[in-house]
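S.K.: Before I ask anything, here is the structure I am working with.
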């Protein structure tokens, strides 16, 4: 799918798309924590696009994806924090 064709907030598929982006961001964040490395939002957006199979076809589509990644990153990190807390700091990373 081309990034310009990705669901928007008006689309019925928006919630599923946003949930998938959050899950991918959480997965990448968790991996980076395990590797004791950081990742900036631009690289994270590219990783999200790759894992979703999105072809970044326009600069506007990239900017939209980047804004979404920046918006959901705190949600993903909070989910990781809660999961880690519930499991005493230990939980499996599904690769």
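Residue numbers (the working numbering): 661 to 755.
Using N, Cα and C, we set each Cβ at its ideal position, and we do this for glycine too.
1) Helix, strand or coil for residue 697 per DSSP?
2) With a cut-off of 8 Å on the beta carbons, I'd call residue 712 and residue 680 a contact; round off their distance for me.
3) Thinking C-beta only, is residue 715 closer than 7 Å to residue 662?
4) Residues bridged to residue 715 by DSSP?
5) For the region 719 to 738 against the region 677 to 695, are there 3 or more C-beta pairs whose distance is under 8 Å?
6) On the CB-based measure, 16 or more other CB atoms within 10 Å of its CB, does residue 688 come out buried or exposed?
7) Thinking C-beta only, is residue 726 closer than 7 Å to residue 801?
M.R.: So, to answer that:
1) DSSP places residue 697 in coil when its eight states are reduced to three.
2) 7 Å
3) yes
4) In the DSSP assignment, residue 715 is bridged to 662.
5) yes
6) buried
7) In this structure the chain extends from 661 to 755, so residue 801 is not present and cannot be described.
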